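These notes are about the structure you will find just below.
Residue numbers (our numbering): 10 to 264.
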């Protein structure tokens with residue numbers, strides 16, 4: 010069963026600059042470490058609702074990496090991972106619903122203190138990356154992978170709503186209805202020139218929006234393709250959008 014957001018992926022060109030920017034915004038940012046063989050380093054912002062934000066950058070060119078092209082198109086919020094208590098079963102359900110889900114893979118990260126943390130995942134590939142989730146199961150204690158530091162000066166406690174721009178809403182509705190066992194609720198966002206479907210995944214909400222005419226969602230799809238558009242974070246002391254320069258292009262807002 011899909012239980013909640015595990016983490017949101019934010020691709021950045023310069024990890025130290027991203028860490029400084031998010032700290033300026035009142036987040037507690039913890040160095041995550043390096044993914045052996047993948048050419049990436051990360052830093053993590055752990056939240057009290059068990060989710061986290063992953064700031065990830067390349068320390069060497071890796072054009073074959075799933076996040077290289079989205080970073081070259083502007084980076085920011087590019088992907089998301091969901092927690093599951095049945096990795097193989099949920100991957101099978103999504104695959105049967107039409108999602109291009111890969112095989113189970115073992116991954117690892119070397120933390121700055123030298124500890125090696127491991128997990129098992131399955132990735133949504135091709136055009137489904139960033140619209141369908143990738144899924145993860147622990148291979149060890151979760152607090153070895155996710156920082157224990159969850160308090161933030163800006164008051165943020167968790168993820169609220171993740172908005173994803175899509176170009177094939179019927180297919181996306183079918184995927185998530187199959188995976189969650191519930192039909193999504195209709196949603197209209199005239200300010201974005203879009204309509205879509207809303208799904209709850211545990212304590213978190215996803216809105217998948219398709220354009221109805223000219224507007225920000227259509228523009229986003231033209232420039233970036235189907236992919237995460239924005240996310241709202243809850244618990245903040247002051248509501249409103251965060252500075253795009255400091256977020257390295259991620260459309261984040263506090264609520």
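Backbone N, C-alpha and C define an ideal beta-carbon position, used for all residues, glycine too. Note that this is a predicted model, so its numbers are computed, not measured.
Closest residue to residue i among the options (Cα-Cα distance)
i: residue 89; options: 168, 201, 160; result: 168
i: residue 235; options: 11, 151, 79; result: 79
i: residue 142; options: 121, 66, 237; result: 237
i: residue 36; options: 73, 163, 110, 63; result: 163
i: residue 125; options: 32, 98, 151, 196; result: 151
i: residue 188; options: 102, 87, 23; result: 102
i: residue 59; options: 104, 191, 13; result: 13
i: residue 196; options: 68, 216, 209; result: 216
i: residue 73; options: 46, 62, 57; result: 46
For residue i, three-class secondary structure by DSSP
i: residue 98; result: helix
i: residue 78; result: helix
i: residue 260; result: coil
i: residue 222; result: coil
i: residue 136; result: helix
i: residue 189; result: helix
i: residue 180; result: helix
i: residue 92; result: strand
i: residue 142; result: coil
i: residue 116; result: strand
i: residue 121; result: coil
i: residue 85; result: strand
i: residue 12; result: strand
i: residue 203; result: strand
i: residue 25; result: helix
i: residue 50; result: strand
i: residue 232; result: helix
Cut-off 6 Å between Cβ atoms - residues of its own chain near residue i, not counting five sequence neighbours on either side
i: residue 82; result: 233
i: residue 230; result: 174, 176
i: residue 109; result: 134, 135, 137
i: residue 225; result: 201
i: residue 262; result: 241, 250
i: residue 191; result: none
Residue j beta carbon less than 8 Å from that of residue i
i: residue 52; j: residue 38; result: yes
i: residue 165; j: residue 244; result: yes
i: residue 239; j: residue 255; result: no
i: residue 55; j: residue 159; result: yes
i: residue 119; j: residue 43; result: yes
i: residue 66; j: residue 93; result: no
i: residue 206; j: residue 194; result: yes
i: residue 218; j: residue 91; result: no
i: residue 87; j: residue 123; result: no
i: residue 64; j: residue 17; result: no
i: residue 111; j: residue 96; result: no
Contact set for residue i: own chain, Cβ-Cβ below 7 Å, skip 5 residues either direction
i: residue 128; result: 116, 145, 146, 147, 148, 154
i: residue 257; result: 19, 21, 27, 30, 84, 85
i: residue 183; result: 106, 107
i: residue 180; result: 107
i: residue 57; result: 159, 166, 167
i: residue 246; result: 163, 164
Residues near residue i in its chain [Cβ-Cβ closer than 8 Å; skip 5 each side]
i: residue 221; result: 202, 203, 204
Short CB-CB distance (under 8 Å) between residue i and chain C
i: residue 113; result: Protein chain content of the structure displayed is limited to a single chain, and chain C is not contained in it.
Restricting to runs no shorter than 4 residues, where is the alpha helix (DSSP H) found entirely within the stretch 151-179? 151-154
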